[in-house]
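Residue numbers (the working numbering), protein chains in the order written: chain A, 1 to 342; chain B, 343 to 440.
First up is the structure itself, then whatever we jot down about it.
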């Protein structure tokens, strides 16, 4: 599929530039566009009304990966200033990162952080995005927490506290980007959902490099970086129960879709606990094996996330939904309103 | 600061609160504290990147750019640095006469 087929019109006023708790006062007050794939119908609703679209026995699957700051300022040999944007943590001492600008950076360069830690450039030109492999002298996570900043969308109005980017249930540190669809949920809303007899299960997938741009004009031109994930015994059992009862598996966010659909490729009969790495890039034509409904945000045009959306929802209906949302002044992107593909 | 007063020996550094995104022709900058945006072409992108506290304005002016690899030139370097400075995108770190 050509990326230009995943383009839509967006009024800049519809870009959400602040977290919902700042913009709306609470995280769960967003609007929600419900896209009924079977009927090809759209309906305007709100996140607080999500229970109307769920049934007892359904399982809502959340990604509990916790986001760390991903941007750190450094100086090459203590002088030239560079920005390090972490793409993915490999160990507590190594990461893949985009370093910018690169004119002062060589293999072996020492990048000095403000907290005294030093990262050495072990390799240059890693992968198609020409990333750097960095090795720090001391714990990288500690430095990111001490002097890092969150990876921030170009259109945000400010840097926000890292907790503004983490869902209330986030607990497994390891991402430098977050599963942003989960930001809509508050403890009250999750209690209400469970009170309706809906199972809530958690998996973990640490997000890697979803902000990296495509390398060409087609969905085939995306570079996929492996993402570590884990489906726990409890989550596998909940999915098994829902499937066994003919109920739905509802993914909250694209990361849950990727984790579950990757896991399903290795499941024999029933869902099983699994710890693995996902390199699955979901594009139109993908046969969904586990996920029956998908709750997410409005994604950037021509992105890998849009390609996944177009795999889950027929493209014509998807484009109709985006056009309706733009006309109806829904808030777009990570801090925006929700869309629920049923 | 008027652009004519930008010293050739001055060193500048990118502000910590600027987001940058590449465009087909150069780079787009967003200075978060002020909400200001600035779009630069290919030569401007090079100037922006070289504001790392190690290249003087005079050295930046000598850097080649474009297909002809001609130098950026002192007047263009001063003009772009003036724009960056007024928008808060860079800060002066050292100068002889500024």
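Glycine included, each C-beta is placed from N, C-alpha and C at the ideal position.
Proximity of residue 373 (chain B) to chain A, defined by a Cβ-Cβ separation below 8 Å, is not satisfied. Here the C-alpha atom of residue 125 (chain A) lies approximately 6 Å from the C-alpha atom of residue 132 (chain A). Only exposed fits residue 9 (chain A), as fewer than 16 other CB atoms lie within 10 angstroms of its CB.
For residue 295 (chain A), the enclosing beta strand (DSSP E) starts and ends at 293-297. Along the stretch 151-173 of chain A, going in chain order, the ones with a CB nearer than 9 Å to a CB of chain B are 152, 153, 154, 155, 156, 157, 158 and 159.
For the pair residue 307 (chain A) and residue 61 (chain A), the CB atoms are not nearer than the 8 Å cut-off. At a cut-off of 8 Å, the C-beta of residue 79 (chain A) has a neighbouring C-beta in chain B. From the beta-carbon of residue 401 (chain B), no residue of chain A is found nearer than 9 Å; the closest lies around 12 Å away. The distance from the Cβ of residue 64 (chain A) to that of residue 170 (chain A) is about 6 Å, consistent with a contact at the 8 Å cut-off. Given a length threshold of 4 residues, each whole run of the alpha helix (DSSP H) inside the stretch 11-60 of chain A is given here in chain order: 20-23. In the structure shown, residue 63 (chain A) falls within a strand segment according to DSSP collapsed to helix, strand and coil. Residues of chain A whose Cβ lies closer than 8 Å to the Cβ of residue 349 (chain B) do not exist, since the nearest Cβ in that chain is about 19 Å away. CA-CA distance, residue 265 (chain A) to residue 278 (chain A), rounds to 10 Å. Non-local beta-carbon contacts of residue 341 (chain A) in its own chain, meaning distances under 7 Å to residues more than five positions away in sequence, involve 35, 37, 293, 294, 312 and 313 in chain order. Contact annotation: the stretch 316-333 of chain A touches the stretch 11-20 of chain A, with at least three C-beta pairs closer than 8 Å.
DSSP places residue 347 (chain B) in no alpha helix (DSSP H); its state is neither H nor E. Between the alpha carbons of residue 221 (chain A) and residue 352 (chain B) lies a distance of about 43 Å. Assigned with DSSP and collapsed to three states, residue 433 (chain B) falls in strand. Under the Cβ distance rule, residue 357 (chain B) does not count among the residues neighbouring chain A, no pair being separated by less than 8 Å. Under the 8 Å Cβ criterion, the stretch 96-112 of chain A counts as touching the stretch 392-402 of chain B, having at least three qualifying pairs. Residue A:109 holds the alpha-carbon nearest to the alpha-carbon of residue 77 (chain A) among A:56, A:109, A:98 and A:54. DSSP, reduced to helix, strand and coil, places residue 135 (chain A) within a strand of the structure shown. For residue 87 (chain A) against residue 97 (chain A), the beta-carbon gap comes to about 6 Å, under 8 Å, which counts as contact. Identification of chain B residues near residue 73 (chain A) by a Cβ-Cβ cut-off of 8 Å yields 358, ordered along the chain.
In the structure shown, residue 109 (chain A) adopts coil according to DSSP, grouped into three states. Contact of residue 404 (chain B) with chain A is not assigned, every C-beta pair being separated by 8 Å or more.
Membership of residue 142 (chain A) in the alpha helix (DSSP H) is indicated by the continuous run 140-147. Counting only Cβ-Cβ distances below 8 Å, residue 377 (chain B) has contacts in chain A at 157, in chain order.
In the DSSP assignment, residue 272 (chain A) falls outside any alpha helix (DSSP H), carrying neither H nor E.
Chain B places a beta carbon closer than 8 Å to that of residue 103 (chain A), counting this residue as a contact. Residue contact check for residue 365 (chain B) against chain A: no CB pair falls below 8 Å. Annotation: the continuous beta strand (DSSP E) that includes residue 74 (chain A) extends over 71-76. Between the alpha carbons of residue 384 (chain B) and residue 365 (chain B) lies a gap of roughly 9 Å. At least 8 Å separates the CB of residue 409 (chain B) from every CB of chain A. Looking at the DSSP output, residue 227 (chain A) bridges to A:278. For residue 426 (chain B), no Cβ of chain A is located within less than 8 Å of the residue's own Cβ.
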